[in-house]
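**Q**
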Amino acid sequence: MFNSSIKWLALVGLAFFISSCSKPESQLLQFQGKTMGTYYHIKYVLSDEQLAQKALLEKQLQVEVDKQLELVNDQMSTYRPQSELSLFNKSSDSYEVSDATIKAVKKALSLYEQTGGAFDVTVGPLVNLWGFGPDKKPYKVPSDALIERTKQKVGSQYLSIQGNKLIKSKPELYVDLSSIAKGYGVDSVAELLSEKGITNYLVDIGGELRVQGTKLNNQDWTLAIERPGLGQNVQRLLNIGDNAIATSGDYRNYFEFDGIRYSHTIDPSTGKPISHKLVSVTVIDKSSMVADGLATAITVLGPEKGFAFAAKLKQPVFLLVKQGDSFKELFTPEFEPFFVEE
């Protein structure tokens, strides 16, 4: 991992990738870089008027995107000792933070209430206990007594906001925004591109995507959901329109002990890794941050509760559930219009 950046709980994501094509790309520009323990990729189309300033725009855009993502790291990274979030975690009661961090925490608290605690950004001590967090502890199965003691340090009910202050009612409370901050980064870059007058783009940070407009000649951005397994096998092709998409899954980040597989995704209610058959969750939303958070929450809830939760929200959600040697698809009616027939 890129340790000076945010450590994301989920290198989870089943990767999304752009379907290959042989279309002309004279105006389709792109650049990439490192951020948040992964890579970002930006693709965009310039208008005829913008082409006259192509060289200047290309240089400025990457500089400004890098600057924006560095700012997000400085606000929300748990790897940077002087980030806003790290300083709050070190405090015993409260710490004043930026509007951006407040926005992310507000969404986290909203998702906590909405999901009945399945989404909890204070679960970090349990993640660390199981060896998946930034503490880099060795993978091992902790005792039930140690799990119960660690659970006492967890709970978003002990986190609140007053103005621009984050407040904790338990001194040892530890907040990790990794489950939504990458999505926040995608949204912030997309908004930056829009402010620059770029109306056709794709922003990808480690598999969390947001697209706007079209490619060349009004051609859609075609994305793919990866089928779990070796290689990049396509489960479904998608055209998501002007939306964001996020996938959470557990088949890549886990450890095995005594023949039992332990996922990196921790259920806050049990203090233990999830153990159901839900392999991946894909969520579409206008906001990458929301899609990111919901994908994590539904992964924790599992196939039955997670699907019922998505259906109640009328949220476009696609699930892959392990069924023997294959996978069963479950998707809400709201997701179906985004499928592209091969």
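If you count the sequence shown from 1, you need to add 406 to reach the working numbering.
Just so it is clear, CB atoms sit at the ideal spot from N, CA and C, and this is done for glycine as well.
Would you call the region 703–720 in contact with the region 679–694, where contact means no fewer than 3 C-beta pairs closer than 8 Å?
**A** At 8 Å Cβ cutoff, the stretches touch.
**Q** State yes or no: is the C-beta of ILE666 within less than 8 Å of the C-beta of TRP536?
**A** Locating residue 666 in the sequence shown gives position 260, where the first residue counts as 1. Locating residue 536 in the sequence shown gives position 130, where the first residue counts as 1. Not closer than 8 Å, so no.
**Q** In terms of DSSP beta bridges, what is GLY439 paired with?
**A** For this step, residue 439 is matched to residue 33 along the sequence shown. DSSP lists TYR446 as partners of GLY439.
**Q** Please state whether DSSP places LEU467 in a helix, a strand or coil.
**A** To locate residue 467, count along the sequence shown from 1; it is residue 61. Residue state, collapsed to three classes: helix.
**Q** Going by DSSP, which residues form a beta bridge with PRO679?
**A** Sequence index remark: in the sequence shown, residue 679 carries index 273 (1-based). Answer is ILE672.
**Q** Report the start-end ranges of each beta strand (DSSP E) in the region 544–598 that is 3 residues or longer and not cut off at the edges.
**A** Here the runs fully enclosed are 565–568 and 571–574.
**Q** Is the CB-CB distance between ALA714 and VAL723 below 8 Å?
**A** The count along the sequence shown starts at 1 and reaches residue 714 at position 308. The count along the sequence shown starts at 1 and reaches residue 723 at position 317. For ALA714 and VAL723, no; Cβs fall outside 8 Å.
**Q** Between ASP454 and GLY677, what straight-line distance do the alpha-carbon atoms span, to the nearest angstrom?
**A** Against the sequence shown, residue 454 aligns to sequence position 48. Against the sequence shown, residue 677 aligns to sequence position 271. Approximately 55 Å, taken between the alpha carbons.
**Q** Tell me whether the beta-carbon of SER562 lies closer than 8 Å to the beta-carbon of TYR501.
**A** By 1-based counting over the sequence shown, the position of residue 562 is 156. By 1-based counting over the sequence shown, the position of residue 501 is 95. No.
**Q** Taking the beta strand (DSSP E) that VAL527 falls in, what are its first and last residues?
**A** Along the sequence shown, one-based indexing puts residue 527 at 121. Note, VAL527: premise wrong, no beta strand (DSSP E); not H, not E.
**Q** Determine which residues share a DSSP beta bridge with TYR607 and list them.
**A** Indexing the sequence shown from 1 puts residue 607 at position 201. The partner list for TYR607 (beta bridge, DSSP) reads TYR450 and GLN618.
**Q** Find out if the Cβ-Cβ distance for the pair GLY569, ALA652 is shorter than 8 Å.
**A** In the sequence shown, counting from the first residue as 1, residue 569 sits at position 163. In the sequence shown, counting from the first residue as 1, residue 652 sits at position 246. The answer is no: Cβ separation not under 8 Å.
**Q** Pick out the complete alpha helix (DSSP H) segments inside the region 474–540, 4 residues or longer, and give them in chain order.
**A** Those alpha helix (DSSP H) runs which fall completely within the region 474–540 and span 4+ residues are 490–496, 505–520 and 530–535.
**Q** In the structure shown, what three-state DSSP assignment does LYS711 receive?
**A** Taking the first residue of the sequence shown as 1, we reach residue 711 at position 305. It is helical.
**Q** When the Cα of SER594 is compared with those of PHE744, THR738 and GLU476, which residue comes out closest?
**A** Within the sequence shown, the letter at position 188 stands for residue 594. For the residues PHE744, THR738 and GLU476, the minimum Cα distance to SER594 belongs to GLU476.
**Q** Can you check which of these residues, LEU452, THR441 and TYR580, is closest to VAL471 by C-alpha distance?
**A** Numbered from 1 along the sequence shown, position 65 holds the residue referred to as residue 471. For VAL471, the nearest C-alpha among the options comes from THR441.
**Q** Touch check for the region 595–607 and the region 619–639: three-plus C-beta pairs under 8 Å?
**A** The region 595–607 is in contact with the region 619–639.
**Q** Nearest CA to the CA of TYR398: which residue from VAL533, GLU554, LYS734 and GLU742?
**A** Given a span of 407 to 748 for the chain in the structure shown, any question on residue 398 remains unanswerable.
**Q** I need the straight-line Cα distance from GLY699 to ILE586, nearest angstrom please.
**A** Here residue 699 is taken as the residue at index 293 of the sequence shown, counted from 1. Here residue 586 is taken as the residue at index 180 of the sequence shown, counted from 1. Roughly 5 Å between the two C-alpha positions.
**Q** Rounded to whole angstroms, what's the CA-CA distance from GLY612 to ALA524? Just pull it up for me.
**A** Taking the sequence shown and counting its residues from 1, one reaches residue 612 at position 206. Taking the sequence shown and counting its residues from 1, one reaches residue 524 at position 118. Distance between the alpha carbons of GLY612 and ALA524: 23 Å.
**Q** Would a check of beta-carbon distances place GLY665 closer than 8 Å to chain C?
**A** The structure shown contains no chain C; it holds only a single protein chain.
**Q** Which residue from PRO634, LYS720, VAL746 and GLU490 puts its Cα closest to that of LYS728?
**A** In the sequence shown, the residue the question calls residue 728 occupies position 322. Of PRO634, LYS720, VAL746 and GLU490, the residue nearest in Cα terms is PRO634.
**Q** When you compare the CB positions of LEU719 and VAL687, do they come within less than 8 Å of one another, or not?
**A** Here residue 719 corresponds to residue number 313 of the sequence shown, with the count starting at 1. Here residue 687 corresponds to residue number 281 of the sequence shown, with the count starting at 1. No, the pair does not count as a contact, with Cβ atoms beyond the cut-off.
**Q** With respect to the beta strand (DSSP E) encompassing GLN729, which residues constitute its N-terminal and C-terminal limits?
**A** Against the sequence shown, residue 729 aligns to sequence position 323. GLN729 -> beta strand (DSSP E) spans 723–729.
**Q** Would ASN495 be called buried (16 or more neighbouring beta carbons within 10 Å of its own) or exposed?
**A** For this step, residue 495 is matched to residue 89 along the sequence shown. Buried, because 16 or more other Cβ atoms sit within 10 Å of the Cβ of ASN495.
**Q** Helix, strand or coil: how does DSSP classify THR705 here?
**A** Here residue 705 corresponds to residue number 299 of the sequence shown, with the count starting at 1. DSSP places THR705 in helix when its eight states are reduced to three.
**Q** Exposed or buried, GLY522, counting other C-beta atoms within 10 Å across all chains shown (16 or more means buried)?
**A** Position 116 of the sequence shown, counting from 1, holds the residue named residue 522. Its Cβ having fewer than 16 others within 10 Å, GLY522 is exposed.
**Q** Going along the chain, which residues of its own chain have a beta-carbon closer than 6 Å to the beta-carbon of LYS557, five neighbours each way excluded?
**A** Translated into the one-based positions of the sequence shown, residue 557 becomes position 151. Once the five neighbours on either side are set aside, the close Cβ partners of LYS557 are GLY677.
**Q** Among ASP731, SER566 and VAL560, whose alpha-carbon lies nearest the alpha-carbon of GLU578?
**A** Within the sequence shown, numbered from 1, the residue matching residue 578 stands at position 172. Ranking the options by Cα distance to GLU578, first place goes to VAL560.
**Q** Which value, in whole angstroms, describes the spacing of the CA atoms of LYS692 and LYS546?
**A** Start at 1 with the first residue of the sequence shown, and residue 692 comes out as number 286. Start at 1 with the first residue of the sequence shown, and residue 546 comes out as number 140. Each residue's alpha carbon lies about 39 Å from the other.
**Q** List the DSSP bridge partners of ASN624.
**A** By one-based count along the sequence shown, residue 624 stands at place 218. ASN624 pairs with nothing; no bridge assigned.
**Q** Based on the DSSP secondary-structure assignment, which residues constitute the bridge partners of GLY655?
**A** The residue labelled residue 655 in the question sits at position 249 within the sequence shown. Partner(s): SER686.
**Q** In this structure, does DSSP put ALA630 in helix, strand or coil?
**A** If you number the sequence shown from 1, residue 630 lands on position 224. The answer is strand: DSSP assigns ALA630 an E or B state.
**Q** Excluding the five sequence neighbours on either side, which residues of its own chain have a C-beta within less than 6 Å of the C-beta of ASP610, listed in chain order?
**A** Along the sequence shown, read from residue 1 onward, the residue named residue 610 stands at position 204. HIS447, listed in sequence order.
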